[in-house]
Amino acid sequence: MTERPSILTIDDEPNNFDVIQTLLGTQNYTFHYASSGQRALDRLDRVQPDLILLDVMMPGLNGIEVCHQVRNLPNWQAIPIVLMTAISDKAELAKCLSTGAHS
Numbered sequence: 024m025t026e027r028p029s030i031l032t033i034d035d036e037p038n039n040f041d042v043i044q045t046l047l048g049t050q051n052y053t054f055h056y057a058s059s060g061q062r063a064l065d066r067l068d069r070v071q072p073d074l075i076l077l078d079v080m081m082p083g084l085n086g087i088e089v090c091h092q093v094r095n096l097p098n099w100q101a102i103p104i105v106l107m108t109a110i111s112d113k114a115e116l117a118k119c120l121s122t123g124a125h126s
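Residue numbering for the sequence shown follows the working numbering, starting at 24 and increasing by one per position.
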């Protein structure tokens, strides 16, 4: 039996996770949720995600800081990270993409 791909959503708004799970729920993924950047970093090795969906604007460790920390972990340097944000300022968006995220 093939293991289902795993997605870790990191977002301080649980409703956003619910939307993602609803939209992608029919695609046979395993979903994991962390409500903060620190919680995500603490459970990264246990969850073993194939993809990270990461909110940029969070209290505490924001998404940019989390992305930098994940990229500095040897086992996680290649994991796809998709940043989610409501930011529309082009300079801020460029800053987000400079973190090593995939989009």
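Idealized CB from N, CA, C, for every residue including glycine.
Item	Value
Cβ neighbour criterion (16 or more within 10 Å) applied to M24	In this prediction, M24 scores a pLDDT of 48, lower than 50, which makes its location untrustworthy; the coordinate-derived value is nonetheless stated afterwards. Under this definition M24 is an exposed residue.
Status (buried if at least 16 other CB within 10 Å, exposed otherwise) for F40	buried
Meets three-Cβ-pair contact criterion under 8 Å: the stretch 88–106 and the stretch 59–71	yes
Coarse secondary structure for V105, derived from DSSP in three states	strand
Completely contained alpha helix (DSSP H) runs for the stretch 45–95, where each covers 4 or more residues	60–70, 86–94
In DSSP terms, what T32 is bridged to	Y56, L76
Nearest-angstrom Cβ-Cβ length linking Y52 and I75, presumed shorter than 8 Å	That pair is no contact at about 13 Å.
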